[in-house]
Amino acid sequence: RLRLGLTFINRWDVSSYVYSRELIMKTNGRIKTVLVGACSCGHVRYELHAQPMFIHCCHCSWCQRETGSAFAVNALIESSNIVVLEGETKSILMPSNSGAGQTIVRCKQCESALWSYYGAAKERVSFVRVGTLENAISMAPDIHIYTVSKQDWVNLGGAVPAVAEYYRRSECWPIESIERYQSVMKT
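Counting from 6, one number per residue, gives the positions in the sequence shown under the numbering used here.
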């Protein structure tokens, strides 16, 4: 169906209980696909209305403990580009290695972590859990961080930059992403 220049394509995947909605927008002759995500139980569904600025694969011991896995993959995006389509979320303040803490936004029902707010950007930039995105396979990391604490059995292979701890945005991010980050930090 067509509405205000937007085309919506809806489908329901019964086998995985994941509602999928691709939103295709025409802007300046370009077609932009909005990324769709959901929690584990499907109560919360959301869209990202921009591509991530940068994607981290974090190997710090805090991420390992919080996810119960060897790493966490987070897509950084302006919080204003996240639209919750349905469901309720709750925010939980958790400790972090920096001591400043992080706020984790979770589904109110199944408590799946959907995104977090960290550091100086606070709630202006969201660290979206890539695994909650419907098309997570297309969201490869741009960098591996805190590899000093990565699990020994994780082989990074060298194709993606890896740093022992953190990095300077100015040395790793594309200029367009730096500009987006600087813009949101002015708000």
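Using N, Cα and C, we set each Cβ at its ideal position, and we do this for glycine too. On a predicted model such as this, the values are computed, not experimentally measured, just so you know.
Please classify V165: is it buried, with 16 or more other beta-carbons within 10 angstroms of its beta-carbon, or exposed? exposed
Among L138, L161 and R173, which residue has its Cα nearest to the Cα of N79? L138
With DSSP as the reference, label N102 as helix, strand or coil. coil
Sort A55, C44, G104 and S85 by Cα distance to G92 and report the nearest one. C44
Using only alpha-carbon positions, find the residue among W120, A126, Y122 and L161 that is nearest to S188. A126
Can you name the start and end residues of the alpha helix (DSSP H) that W158 belongs to? No alpha helix (DSSP H) contains W158, which DSSP labels as neither H nor E.
DSSP state of G42, grouped into three classes? strand
Cβ neighbour criterion (16 or more within 10 Å) applied to C115: exposed
Under a Cβ-count criterion, where at least 16 other Cβ atoms within 10 Å of its own Cβ denotes burial, should I180 be classed as buried or exposed? exposed
Grouping DSSP H, G and I as helix and E and B as strand, with all else coil, what is R50? strand
Beta-carbon contacts of W178 that lie in its chain and below 6 Å, excluding the five residues immediately before and after: F59
Of all the options L53, C62, V41 and V39, which has the alpha carbon lying nearest to the alpha carbon of Q156? C62
Rounded C-beta distance between C112 and H48? I'm assuming under 8 Å. 5 Å
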